[in-house]
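Asks: Structure incoming, see below.
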């Protein structure tokens, strides 16, 4: 926990940085974006009032219009649109934002750091079964915290100590940390690849939708289908794309990213050095993941440029005006 006192509420965002003993940055937090810490309060559905809470009509009040009845001339009332509840991802993101927001109020403030490095990259709709994307915890040792307020910087050293009941050595902690960092970085590379695949596929789909029905569009449509098929096959090896809910992995086998994320949970499950089996599984999974990343690189450096050249050679108009649909 970090405590700091502010005489007045700062007019500019403040930052808290955590560094290792050599001064290398581990994590940076800021007070910026406090409004994002709430869970979409503007769209949270309000609970329906109980009968006892409903107001009784005044004797002099005008009657409330009722839904219209066809053919009677009675007024028609459109029911109000129900607000959309936030998704699970939005709730999770808001909760994480609240935890990472640095308080900047006049008086005594407190910030709790979980002693972890940044998490692996996530992507929208990600569902894992017993997978861990958390950044690894720091090993016991000396660290620094740096507070910046109004252009002034204050630095304080502190120590993260080993549980005295443990027989784990500093070397054991370092080995565990090193493997967890490798897993995190491999997950980040994998998830960045999935994000890139989805972005390219979206652009291709948008192009196909725009040119469908235009002269000479069929070769492009065929090439787009082939390109997307290759990209989708790679994505489906890296991630179980059939997952739509937290229980779906019971029906659909987990893929490479989930296996690697599950390994992180195993490696971190005890304060000890990783087992030989953990290293073996890591090497196996990384080999399989890298094979898919190489396939993706081949598509991105060969198939995609060929597709773009086909689009240029076909002289697809930048803007297509389609006739209005019949009403």
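Numbering (this note's numbering), first residue to last: 477 to 803. Built from N, CA and C at the ideal position, the CB exists for glycine as well.
Rounded to the nearest angstrom, what separates residue 644 and residue 678 at their Cα positions?
Replies: Indexing the chain shown from 1 puts residue 644 at position 168. Indexing the chain shown from 1 puts residue 678 at position 202. Cα-Cα distance, rounded: 49 Å.
Asks: Can you have a look at residue 711 and say buried or exposed, based on whether 16 or more other CB atoms are within 10 angstroms of its CB?
Replies: Position 235 of the chain shown, counting from 1, holds the residue named residue 711. Its Cβ being crowded by 16 or more others within 10 Å, residue 711 is buried.
Asks: Between the alpha carbons of residue 621 and residue 740, how many angstroms are there, rounded?
Replies: Within the chain shown, the letter at position 145 stands for residue 621. Within the chain shown, the letter at position 264 stands for residue 740. Their backbone Cα atoms lie some 27 Å apart in a straight line.
Asks: Let me know the secondary structure DSSP gives residue 728 once reduced to three states.
Replies: For the purposes of this step, residue 728 is taken as the residue at position 252 of the chain shown. Three-state DSSP puts residue 728 in coil, outside helix and strand.
Asks: Taking residue 625 and residue 502 to be in contact with their CB atoms under 8 Å, please state how far apart those CB atoms are, rounded to whole angstroms.
Replies: On the chain shown, residue 625 is found 149 positions in, with the first residue counted as 1. On the chain shown, residue 502 is found 26 positions in, with the first residue counted as 1. With a Cβ gap of about 20 Å, residue 625 and residue 502 do not count as contacting.
Asks: Would you please state the rounded distance, in angstroms, between the beta carbons of residue 714 and residue 599? I believe it to be under 8 Å.
Replies: As a working mapping, residue 714 is identified with position 238 in the chain shown. As a working mapping, residue 599 is identified with position 123 in the chain shown. No, residue 714 and residue 599 are not in contact; Cβ-Cβ is about 11 Å, not under 8 Å.
Asks: Can you say whether residue 539 is buried or exposed, counting buried as having 16 or more other CB atoms within 10 angstroms of its CB?
Replies: Here the question's residue 539 lines up with position 63 in the chain shown. Only weak support exists for where residue 539 lies, its pLDDT of 42 falling under 50; the coordinates are left without a value.
Asks: Do the CB positions of residue 697 and residue 796 come within less than 8 Å of each other?
Replies: Residue 697 sits at position 221 when you count from the first residue of the chain shown. Residue 796 sits at position 320 when you count from the first residue of the chain shown. Contact flag unset, no.
Asks: Keeping to the same chain, check which residues put their C-beta closer than 6 Å to that of residue 706; ignore five residues upstream and five downstream.
Replies: The count along the chain shown starts at 1 and reaches residue 706 at position 230. Cβ neighbours of residue 706 beyond the five flanking positions: 775.
Asks: At the level of alpha carbons, what is the spacing between residue 482 and residue 629?
Replies: Within the chain shown, the letter at position 6 stands for residue 482. Within the chain shown, the letter at position 153 stands for residue 629. In a straight line, the C-alpha of residue 482 is about 13 Å away from that of residue 629.
Asks: Less than 8 Å between the beta carbons of residue 605 and residue 734, yes or no?
Replies: Mapped onto the chain shown, residue 605 falls at position 129. Mapped onto the chain shown, residue 734 falls at position 258. In contact: residue 605 and residue 734 (Cβ atoms closer than 8 Å).
Asks: Roughly how many angstroms lie between the CA atoms of residue 656 and residue 690, to the nearest whole one?
Replies: For this step, residue 656 is matched to residue 180 along the chain shown. For this step, residue 690 is matched to residue 214 along the chain shown. Going by the C-alpha atoms only, they are around 52 Å apart.
Asks: If contacts are defined as beta-carbon pairs under 8 Å, then residue 505 and residue 634 qualify, I think. What distance do you get, rounded to the angstrom?
Replies: Within the chain shown, numbered from 1, the residue matching residue 505 stands at position 29. Within the chain shown, numbered from 1, the residue matching residue 634 stands at position 158. Residue 505 to residue 634, Cβ: 16 Å. No contact.
Asks: By the three-class DSSP mapping on this structure, what secondary structure does residue 599 have?
Replies: The count along the chain shown starts at 1 and reaches residue 599 at position 123. Three-state DSSP puts residue 599 in coil, outside helix and strand.
Asks: List the endpoints of the continuous alpha helix (DSSP H) containing residue 674.
Replies: Position 198 of the chain shown holds residue 674. Residue 674 -> alpha helix (DSSP H) spans 646–687.
Asks: Whole angstroms is fine: what's the gap from residue 490's alpha carbon to residue 693's?
Replies: Here residue 490 corresponds to residue number 14 of the chain shown, with the count starting at 1. Here residue 693 corresponds to residue number 217 of the chain shown, with the count starting at 1. Cα to Cα, residue 490 sits roughly 54 Å from residue 693.
Asks: Since residue 774 sits in a beta bridge, which residues does DSSP pair it with?
Replies: Taking the chain shown and counting its residues from 1, one reaches residue 774 at position 298. Paired residue(s): none; residue 774 is not in a bridge.
Asks: Take the Cβ of residue 608 as the centre, count every other Cβ of all protein chains shown within 10 Å, and call the residue buried at 16 or more, exposed below.
Replies: One-based indexing of the chain shown puts residue 608 at position 132. So residue 608 ends up on the buried side.
Asks: Spell out the partners DSSP gives residue 743 in its beta bridges.
Replies: Numbered from its first residue, the chain shown carries residue 743 at position 267. In DSSP, residue 743 forms no bridge with anything.
Asks: By the 10 Å Cβ neighbour count, where 16 or more other Cβ atoms means buried, how is residue 666 classified, buried or exposed?
Replies: The sequence position of residue 666 within the chain shown is 190, counting from 1. Buried is the call here.
Asks: Short of 6 Å in beta carbon distance, which residues of its chain neighbour residue 746, apart from the five on each side in sequence? Order them along the chain.
Replies: Translated into the one-based positions of the chain shown, residue 746 becomes position 270. Cβ within range, chain order: n/a, list empty.
Asks: How long is the line joining the alpha carbons of residue 682 and residue 782, rounded to whole angstroms?
Replies: Numbered from 1 along the chain shown, position 206 holds the residue referred to as residue 682. Numbered from 1 along the chain shown, position 306 holds the residue referred to as residue 782. Near 18 Å, if we compare the C-alpha coordinates of residue 782 and residue 682.
Asks: State the start and end residues of the unbroken alpha helix (DSSP H) segment that holds residue 696.
Replies: Numbered from its first residue, the chain shown carries residue 696 at position 220. 694–714 is the extent of the alpha helix (DSSP H) around residue 696.
Asks: How many Å lie between residue 477 and residue 727 at the Cα?
Replies: Within the chain shown, residue 477 is the residue found at index 1, counting from 1. Within the chain shown, residue 727 is the residue found at index 251, counting from 1. If you take the alpha carbons of residue 477 and residue 727, they lie about 42 Å apart.
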